[in-house]
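Peer 1: Questions regarding the structure given below will be posed in turn.
There are 2 protein chains.
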Amino acid sequence: MNLKELSENLGLSQTTVSRALNGYPEVNESTRHRVQQAAALGNYRPNIRAMSLATGRSMTIGHVIPVASQGEVVNPIFAEFVAGASQTYTQFGYELQLSFTTTQDEQTIYRTLAAKRAVDGVILHSPLRDDPRLKLLKEIGLPFVVHGRVCDTSEAYNWIDMNNRSAFKQATQLLIDLGHRNIALINGQEQLTFAWLRRCGFEDALCENGIAINPELMTTAELTEPYGYQTSKALLRREDPPTAFLVSSYVVALGVRRAIGQAGLTIGKDVSVIIHDDELSYFDNGAAVPQFTATRSSVRQAGMLAAEMLLNQIDDPGLFPQNTLLESTLTIGSSTGPCKLM
Amino acid sequence: MNLKELSENLGLSQTTVSRALNGYPEVNESTRHRVQQAAALGNYRPNIRAMSLATGRSMTIGHVIPVASQGEVVNPIFAEFVAGASQTYTQFGYELQLSFTTTQDEQTIYRTLAAKRAVDGVILHSPLRDDPRLKLLKEIGLPFVVHGRVCDTSEAYNWIDMNNRSAFKQATQLLIDLGHRNIALINGQEQLTFAWLRRCGFEDALCENGIAINPELMTTAELTEPYGYQTSKALLRREDPPTAFLVSSYVVALGVRRAIGQAGLTIGKDVSVIIHDDELSYFDNGAAVPQFTATRSSVRQAGMLAAEMLLNQIDDPGLFPQNTLLESTLTIGSSTGPCKLM
DNA sequence: TAGAATTTCCGAAGCGGTTTGGATATCACC
DNA sequence: GGTGATATCCAAACCGCTTCGGAAATTCTA
C-alpha cells in the first residue's frame, strides 16, 4: 500500500492525503479523519526511503563503534549506551544505524556516511585525547555528539561525559582516608580520554596528600577480565604489594577479585578495591550492600542524553555546541576497609 | 556532489555515468575510467536513499533486540553477535539497523519495518519455544533468519543455532564421570528455546545414567551476576548441597564463583563448575588452562554466518530455508574435579 | 559497399513521497 | 449581488538515482 493507491481509494489527491497524515492545517478535519482511518486500516506507512529523499533528511543516526581490528574486543558499554540512545530515537521517530570499524578506516567511513546521505548525525564513541575525527566531522559538516571528551582542542563541540577526574580523585581520597598509601590504578588505555582523566584524578588525590606517585603501580590496557587478573596477580607478588586497587571497570575488577582470592586474601579486609561502575544491567552492583565500593554513573542514561543533544543540534543547526558533565556517585560497598598495615 | 553535477562536469548523461560506476558492460572502458576518476576526485557517493528508492532494495538489515521492558537487561551476547554480523554486512555493502523493543511492541515493529520498507530482512533474536514472530514474519513476507530455534513448529525457516542440547548433555556427562550426582543447573529463562534445550540435554544425561531429576536443583532466570550469586548461595545452604554446577553463562558463573568463595569452598576441588562460554571478547576464558571448564561456541561467528545466510536468502527469495547447527567444543579448565563425596 | 550487427551513448520514465503555486468553493460583509 | 477573505483541495515539479527503449556511430559480413 503506497500513497498513490491510498489516495485513489479515497478519491483524493496524494497532496491532500499526505497533508492529512502529516498534520498540516489546510485540510478539513472530517477528511483528515477519513484519511487516518483508511491509512490505519490498510496499514499504510510512508516509504521511508522516498520520504527521506523528498525531505532531505534520513531520520537515522549513525553510531560508529571503533574496534582495534576485526575480531577485537567489543566494549560492553557500547551495547548499554546504544540501548539508551535508541530509546530517545524511537521516541522521536529516528532510526539507529550501527557500524563497526577499525581505526584506520575511520577517516573514510565518516566521509562515506556523509556523502551517501546515510545519516543525519553521528555519535562519536571512545574519543582519544587528540582525536582527528573531531576536525574531520567539523570539516564535512555532519552534526555529532561526542560521548566523552577530547583534551587537546580549544574548539567548541557537543559532548556529554562523566566527570572521570573528580570521580577517581574522590575514590582515591577515600582509600587514603582509610589509611592506604600503596594504591594501584588498573586503568584503561590512556590514549583514550576517559582513562587519561581518571589517572589525573588519581594523581590529584595522591599529590594533595603528599603521596609519591609510583608508575609501577599504574597499568593500562584494554578492559578485560584476564587483564585484571594478570596485572593484579603480578602486583600482589611485589615485595611491597598494594593494599588497595582502583579499577576502571567492573569486568576488570572481576579479574582482580580472582587474583586476590587465589592469593588467599579477602577483599575488603586484606585488600580494598574500588571500581568504576557503568551500571551495566546484567551486572547490577546495587544490592543493599554492593559487593564493590564504586563510583557509579549510568552509561545508559548518558546514551539517552547524548541522543537528545544530537537531535536538538540537528533540529537547529545554528545552536551553539552543548556540553553535559555528569557527576558520579560514590557508594560504599563491602570491598573497602581500613588499611591493615597501619 | 550528485549524479547530475557529476555527469554535467563530464559532459555525459546520467545514464552513462551511473552505468559506468555500476559496472555495466555497455560503456566504453576509457570513458568508464574517466568517470571513475572524476567520481573519486569529487568524492562522489550515490545518495543511498535515492538509490534504494530506485532499486527497491534498502540495502540494510534490521536487528530487533527484545528487552523485557525499557531499562531492562541488555544481553551482552547481542553486541558480540551484531559485531560478527556487521562484518559480513560491510563486506557486501549492507547497513545494519538496530532497534530495541519490548515484547508487547514486537508485533507492530516488524509490520512497520516491512511497511515502510526500512529493511530488506531481519535477524530474529532470542526465539521462544513457541514464537509468534515466526508466523508474523512469514505472513508479511520479510526475509529473516533466526538466531536459535523455535520448537513447536513443523514449518521450514532459516535458522542458525548452537547445539545446546548435546553441549549440555556432554557437560553433564563429564560431571557424572567425575562422580558427581548432585548437580545443579543454573539456567536461563526456559520459555527461551536455548535454555529449554540446555535443560533437555542436562536431563538426557541424568536419565541415561539413572540419576533422578531433582527440580530443586534447577533454576531459571535472566542471566545476571546477582542471579548466579544468590541462587548458588541458596543451593549451597541445603543440607545436601550440589557438588557441581552447570551454569548457562560466564556472567552468571561469576556470581556462582563469588558465592562459592564466600562459602569458604574452592572451585575445582570442593565444587565443580562447568559453564557455557559464548566467547565474548572481553572475558576470554581461553588461557592455556582456562579458568572454567566450558562448552564453547563463538557467538561472533554465529553472527557472521547468520548474516551470510540472510543475504543469500535475500538474493534468491526462492531458496529453500537453510539451517546450520554449530557444535560446541568442551574444553577442560581448572573449575572441575572429581567429586569429593565419592 | 550495402546492410546487418555491435558498440556506445542518451532521453525519459519511473521509484514514492513532499511541497509549491494555484484553482475552486464557501463564507462573511457591505 | 459583488467583493474579498478563507477553507479546502489539486496538478505538477522535485528529491537523486536506476533502467527501459531507442538512436547514432562504428565495425563486421557477404
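Protein sequences appear in the order of chains L and F. Residue numbering for the first sequence follows this note's numbering, starting at 78 and increasing by one per position. Residue numbering for the second sequence follows this note's numbering, starting at 78 and increasing by one per position. For every residue, glycine included, the Cβ atom is placed at its ideal position computed from N, Cα and C. Remember, it's a predicted structure, so these values are computed and weren't measured experimentally.
1. Does any residue of chain F bring its CB to less than 7 Å from the CB of Ile200(L)?
2. Within 10 angstroms of its Cβ, does Glu404(F) collect 16 or more other Cβ (buried), or is it exposed?
3. Tell me whether Phe279(L) sits in a helix, a strand or coil according to DSSP, three-state version.
4. Below 8 Å on the Cβ atoms is my contact criterion, and I expect Ala156(F) with Phe158(L) to pass it. Report the Cβ-Cβ distance as a whole number of Å.
5. Distance check for Leu300(F) and Asn152(F), CA to CA, integer angstroms please.
6. Between Phe271(F) and Leu396(L), what straight-line distance do the alpha-carbon atoms span, to the nearest angstrom?
7. At which residues does the alpha helix (DSSP H) containing Phe245(F) begin and terminate?
8. Against Phe360(L), what residues of chain F qualify as contacts under a CB-to-CB distance less than 9 Å, listed in chain order?
9. With a 10 Å radius around its C-beta and 16 neighbouring C-beta atoms as the bar for buried, classify Arg366(L) as buried or exposed.
10. Tell me, which residues are paired with Asp354(L) by DSSP?
11. In terms of residues, what are the limits of the beta strand (DSSP E) holding Met295(F)?
12. Tell me the DSSP bridge mates of Thr408(F)?
13. Kindly indicate which residue of Phe245(L), Tyr306(L), Arg194(L), Val329(L) has the alpha-carbon position closest to the one of Ala282(L).
14. Run down chain L in chain order and give the residues with a C-beta less than 7 Å from the C-beta of Asp153(F).
15. Mind checking which residues open and close the alpha helix (DSSP H) that includes His51(L)?
16. Just the chain F side, please: which residues come within less than 7 Å of Gly338(L) by C-beta, in chain order?
17. Helix, strand or coil for His140(F), going by three-state DSSP, please let me know.
18. Counting along the chain, where does the alpha helix (DSSP H) carrying Glu172(L) start and finish?
19. Thinking C-alpha only, which one of Val348(L), Tyr306(L), Asp347(L), Pro319(L) is nearest Ala330(L)?
20. How would you list, in chain order, the residues of chain F whose beta-carbon sits under 9 Å from the beta-carbon of Ala127(L)?
21. Give a yes or no on whether 7 Å exceeds the smallest Cβ distance from Phe177(F) to chain L.
22. Find the nearest neighbour of Met128(L) within the set Pro143(L), Leu80(L), Ile142(L), Gly139(L), judged by alpha-carbon distance.
23. Buried or exposed for Arg314(F), please, with buried defined as at least 16 other CB atoms from any protein chain shown within 10 angstroms of its CB.
24. Excluding sequence positions up to five away, which residues of its chain have a Cβ less than 7 Å from the Cβ of Ala340(F)?
25. Can you pull the chain L neighbours of Ser84(F), defined as C-beta to C-beta under 9 Å?
26. Ignoring anything shorter than 4 residues, give me the alpha helix (DSSP H) runs that lie fully in the region 100-136 of chain F, in order along the chain.
27. Helix, strand or coil, according to DSSP, for Ser349(L) in the structure here?
28. Residues of chain F with a CB under 9 Å from the CB of Gln174(L): which are they?
29. Taking the alpha carbon of Ala145(F) as the reference point, which residue from Ser358(L), Gln378(L), Leu219(L) has its own alpha carbon closest?
30. What did DSSP end up calling Ile186(F) once you bin it into helix, strand or coil?
31. Under three-state DSSP, which class holds Phe322(L)?
32. Does Asn241(L) pass the burial test, meaning 16 or more other C-beta atoms within 10 Å, or should it be called exposed?
33. Do the region 120-136 of chain F and the region 129-145 of chain L make contact, defined as three or more Cβ pairs closer than 8 Å?
34. At the level of alpha carbons, what is the spacing between Gln164(F) and Glu149(L)?
35. State the DSSP-derived secondary structure class of Asn400(F), mapped to helix, strand or coil.
36. From what residue to what residue does the alpha helix (DSSP H) around Leu214(F) run?
Peer 2: Working from what's here:
1. Residue contact with chain F for Ile200(L): absent (no Cβ-Cβ distance below 7 Å to any residue of chain F).
2. It is exposed - the Cβ of Glu404(F) has fewer than 16 other Cβ atoms within 10 Å.
3. Collapsing the DSSP output to three states places Phe279(L) in a helix.
4. Ala156(F) to Phe158(L), Cβ: 10 Å. No contact.
5. Going by C-alpha positions, Asn152(F) is about 8 Å away from Leu300(F).
6. Rounded to whole angstroms, Phe271(F) to Leu396(L) spans 49 Å at the Cα level.
7. Element bounds for Phe245(F): 241-254.
8. Residues of chain F passing the Cβ test: Thr301, Glu302, Pro303, Val328, Leu331.
9. The sequence shown places Val at residue 366(L), rather than the Arg named in the question. By the neighbour-count rule (16 or more Cβ atoms within 10 Å), Val366(L) is not buried but exposed.
10. DSSP, once it has assigned bridges, lists Arg373(L) as partnering Asp354(L).
11. First-last of the beta strand (DSSP E) with Met295(F): 295-297.
12. BP columns for Thr408(F) point to Ala371(F).
13. Ranking Phe245(L), Tyr306(L), Arg194(L), Val329(L) by CA distance to the CA of Ala282(L) puts Phe245(L) first.
14. This sequence places Pro at residue 153(F); Asp is not what is there. Against chain L, a Cβ distance below 7 Å from Pro153(F) picks out Pro153, Ala156, Tyr359.
15. The requested residue 51(L) does not occur in the structure, where chain L is confined to residues 78 to 419.
16. Those within 7 Å of Gly338(L) in chain F are Gly338.
17. DSSP, reduced to helix, strand and coil, places His140(F) within a strand of the structure shown.
18. Careful: Glu172(L) lies outside any alpha helix (DSSP H), inside the beta strand (DSSP E) at 172-179.
19. Of the listed residues, the one whose Cα sits closest to Ala330(L) is Tyr306(L).
20. For Ala127(L), the chain F residues whose Cβ falls inside 9 Å of its Cβ are Arg126, Leu130, Arg194, in order along the chain.
21. Yes, Phe177(F) lies at the interface with chain L (some Cβ there is under 7 Å from its Cβ).
22. Checking every option, the nearest Cα to that of Met128(L) belongs to Leu80(L).
23. Exposed is the call here.
24. These residues qualify, in order along the chain: Leu313.
25. Simply none; closest approach about 17 Å.
26. Fully enclosed alpha helix (DSSP H) runs of 4 or longer: 106-118, 125-132.
27. If DSSP states are grouped into helix, strand and coil, Ser349(L) belongs with the strands.
28. In chain order, Thr137, Glu172, Leu173, Gln174, Leu175 make up the part of chain F whose C-beta sits under 9 Å from the C-beta of Gln174(L).
29. Of the candidates Ser358(L), Gln378(L), Leu219(L), the one whose C-alpha sits nearest the C-alpha of Ala145(F) is Ser358(L).
30. Note: Ile186(F) maps to helix in three-state DSSP.
31. DSSP places Phe322(L) in the strand class (E or B) of the three-state scheme.
32. Classified as buried, Asn241(L) has 16 or more neighbouring CB atoms from the shown chains inside 10 Å of its CB.
33. Yes: at least three Cβ pairs fall under 8 Å.
34. Gln164(F) and Glu149(L): Cα-Cα distance of roughly 12 Å.
35. Asn400(F) falls in the strand class under three-state DSSP.
36. DSSP places Leu214(F) inside the alpha helix (DSSP H), whose first and last residues are 209-217.
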